[in-house]
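Everything below concerns the one structure shown next.
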Amino acid sequence: MSGFSKQDLERESNAELGQGHMCTNNIHPHHLKIYRVKKIDGKPQKHWELFSLWLATAEDVANGEAEKEDEVLNLSSIEIEFCPFCGTQLAQ
């Protein structure tokens with residue numbers, strides 16, 4: 007699985023995303039991504055979020071957990087000030 011793109015995440019979360027923090031300590035880079043959030047539902051924002059987006063694999067489809075590959079199984083996010091992988095303070 008190749009993971010998801012910034013555009014996929016913007017579409018699924020209804021957010022406009024800015025700069026990303028790509029951390030080499032992230033052991034799940036296809037599923038966990040950090041972006042500065044510029045807007046949510048059109049409202050201006052100035053914070054960073056850790057996004058967790060899991061897409062269905064062929065195995066998930068075979069097991070009946072999804073109808074097709076790359077279907078969103080789970081999307082969640084949490085506002086952060088520091089990278090949870092390397093500890094870097096993210097610029098405000």
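Heads up, the sequence shown is in the working numbering, so the first residue is 7 and it goes up one at a time. Beta carbons: idealized from backbone N, C-alpha and C, even for Gly. None of these values were measured; they are calculated from a predicted model.
I need the straight-line Cα distance from residue i to residue j, nearest angstrom please.
i: residue 42; j: residue 63; result: 28 angstroms
i: residue 48; j: residue 87; result: 22 angstroms
i: residue 94; j: residue 46; result: 24 angstroms
i: residue 57; j: residue 77; result: 16 angstroms
i: residue 97; j: residue 89; result: 11 angstroms
i: residue 12; j: residue 23; result: 8 angstroms
i: residue 51; j: residue 21; result: 10 angstroms
i: residue 39; j: residue 19; result: 13 angstroms
i: residue 44; j: residue 34; result: 24 angstroms
i: residue 7; j: residue 14; result: No answer about residue 7 holds up, because its pLDDT of 44 lies below 50 and its placement is not dependable.
Below 6 angstroms CB to CB, which residues in the same chain sit around residue i once its five sequence neighbours on both sides are set aside?
i: residue 26; result: 41
Can you tell me whether residue i is helix, strand or coil according to DSSP?
i: residue 82; result: strand
i: residue 11; result: coil
Which residues in the same chain have their Cβ closer than 7 angstroms to the Cβ of residue i, if we skip the five residues on either side of it in sequence?
i: residue 91; result: 29, 31, 32
i: residue 66; result: 72, 79
i: residue 10; result: 59, 61
Nearest to residue i by CA position, among the options, is which residue?
i: residue 16; options: 97, 89, 82, 96; result: 82
Just to confirm my understanding: we take residue i, look at its own chain, exclude 5 residues before and 5 after, and list those with CB closer than 8 angstroms. What are they?
i: residue 84; result: 55, 56
i: residue 74; result: 62, 67
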